[in-house]
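In the working numbering, the protein residues as written are 80 to 774. Just so it is clear, CB atoms sit at the ideal spot from N, CA and C, and this is done for glycine as well. Bear in mind the structure is a predicted one, so any value in this text is a computation, not a measurement. First comes the structure, then the notes that go with it.
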């Protein structure tokens, strides 16, 4: 019997001690990504169109690769070239309707190279409208801001329409609808209620602001994607292709595979490591999950739980240094901080996320008596390191260049260069010229959707800067939170919670809910930009440091990937596990509760981010220890297991202890410990063989 029996646990199906393979099938991974990630679900192209589009994608990647290493172009020109390629290619690779995802269309008079004339027309119109601005001399452009010509208004309107359609095709309707609502607000300002009223703007004024200035479509969001995000997407593609992902998984299996519930813990460690080069929740889910989900199911985990473990662990990819997600690079521009500061601030919260998932997986494995991997199922890590050690070189170099203070795109340039060099020289995963071209093609493909999203979010940001609605929303949020705090303060003794603390708490709750709701329909990057523009200032009004406020909205935006009803990572994992998607999403959210709590902790105790102004070690140690013990209590309460099965009253006590322990104040932490220790002692008395339980 390869599953350890436990008399106090429900019976689980035993499985033969067969080999559980943990080796990547690159073709299968690519197929799964395209099946479950809407951002890379492309239509099949006829051969002629395939060669043309593939060539353009390679050119786009080469443009970014060259400028990263040898110098960026003038700001508007660089962004314009990037956006023209992105929008033109979106209309060629994303169909207008779902029916276009089936068989490639035949070529003909009305479908040159298998692509319909409307798609060609939209692609050409988008390129013309985008490149109109970069080709205007800078002196002339400065004169035309506020005084646009008829051609400017026509082409600007055409670009907005093309941008909305490109975003609809690549990401769906929620983000375009949000952009349309914001534009309507800008146009109909005098008719808005109460504090939201403003003088309003004409159509030409709105287009002028969104099209001719760098506060709209050509703004920060597009600039970050064009100068940072694209390069790291390309690096992630090449790093995976040379075998770095497989090496990470082998190391994760060696570290965690032997313990109870082995493949689930491999999933957590593997997703954490793979997230260092991925930065995408769905890509992380299908890549690592293609190996770990079947292994977990074979070991005895329920299908929905196996899928939820992988989905929750994979959402950590966007918050795991050094690469993280696109939003991390946006922080550089929004906060005017070096990327090394963002990396340092992300270390402890990322650890807390993975620790929270790990502790629940451990308790679940102990409760159900699930075994670890047998010795013959474990990879030979020495052989793996001996075979694949060259694949670590690009990542080490990239991190070293970042820490040395150079720009992220230069670090990405050398990372990509070294990936190609390793691929050409390493006999284990040797790449041909065709493989390099395919990597350049796929890297550009994967960046199309985020490029379109960034430009569309520029519309939202432009309306905010034009109308000042961000400050109005901040005032509404803080006023509402103050009213709620006043009501709560009448119930709670003032000695327990100060009024300003209650106001901040309710503001955080409202902001977190909005972040999750927004994230249900739009990508993390777009969600972060909108919330950083609208919600983060509300936190700033209450004295929260900018980096803390931005990390808060960032973390809650990422949480949407595992929050029903639209939990992309959870649904992708559910499809791979043949599990119920909604049940998987609910379980994933439960496993990710550590990520729900930690942002509140670092708002009230900023030392947890390591780089805040008031950092000191006593505050950090108190917050860190409280988080670790509190997350352990919460995981035990939810799972119903600590050292042995928990009774109902013990679970309630541990849940209360968890809330008190994560509150970064000494008296609340001591009270939480006072609740936790008796339960632990009772558990120890009930099961003296603690050493065996923790093995």
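Item	Value
Residue 459 to residue 453 span [Cα, whole Å]	12 Å
Alpha-carbon spacing of residue 748 relative to residue 707, whole angstroms	12 Å
Residue 330 versus residue 255 - alpha carbon distance	42 Å
Own chain residues within Cβ distance below 8 Å of residue 137, not counting five before or after	516, 519, 520, 523
Distance CB(residue 314)-CB(residue 495) smaller than 8 Å	yes
Residue nearest to residue 249 in terms of C-alpha spacing, selected from 174, 148, 239, 362	174
Beta-carbon proximity check, residue 409 vs residue 316, cutoff 8 Å	no
Residues that DSSP places opposite residue 724 in a beta bridge	720
Exposed unless 16 or more other CB atoms sit within 10 angstroms - verdict on residue 696	exposed
For residue 223 and residue 243, the rounded distance between their alpha carbons	25 Å
Through-space distance from residue 372 to residue 702, alpha-carbon basis	34 Å
With 16 other Cβ atoms within 10 Å as the buried cut-off, status of residue 468	exposed
As assigned by DSSP and simplified to three states, the class of residue 424	helix
8 Å Cβ cutoff met for residue 285 and residue 262	yes
Assigned secondary structure, residue 447 (DSSP; H/G/I helix, E/B strand, else coil)	helix
For residue 664, the nearest candidate out of 649, 678, 654 (CA to CA)	649
Under the three-state DSSP convention, the category residue 408 falls into	helix
Which listed residue (687, 307, 676, 195) has its alpha carbon closest to that of residue 626	687
Runs of alpha helix (DSSP H) lying entirely within the segment 442 to 502, each at least 4 residues, in chain order	460 to 467, 471 to 482
Residue 632 versus residue 682 - alpha carbon distance	11 Å
Rounded Cβ spacing between residue 621 and residue 582 (contact assumed at less than 8 Å)	7 Å
Residue range of the alpha helix (DSSP H) that includes residue 197	196 to 211
Distance CB(residue 374)-CB(residue 342) smaller than 8 Å	yes
CA nearest to the CA of residue 339, picked from 133, 755, 323, 451	451
Inter-residue spacing [alpha-carbon to alpha-carbon] between residue 259 and residue 381	43 Å
Same chain, Cβ closer than 6 Å to residue 755, five either side skipped, listed in chain order	712, 736
Straight-line gap, residue 637 to residue 394 (C-alpha atoms, nearest Å)	7 Å
Segment contact, 8 Å Cβ cut-off, at least three pairs: the segment 383 to 402 with the segment 418 to 438	yes
Contacting residues, own chain, Cβ-Cβ under 6 Å from residue 274 (five flanking each side not counted)	551
Collapsed DSSP secondary structure at residue 669 in the structure displayed	helix
Rounded C-alpha distance that separates residue 536 from residue 245	13 Å
Spatial distance of residue 122 from residue 763 (CA atoms)	59 Å
Sufficient close CB pairs (3 or more, under 8 Å) joining the segment 218 to 238 to the segment 199 to 210	yes
Buried or exposed by the 16-neighbour rule on C-beta atoms within 10 Å, applied to residue 145	exposed
Whether residue 347 touches residue 437 by CB criterion (8 Å)	yes
Contact set for residue 391: own chain, Cβ-Cβ below 6 Å, skip 5 residues either direction	436, 641, 667, 670, 671
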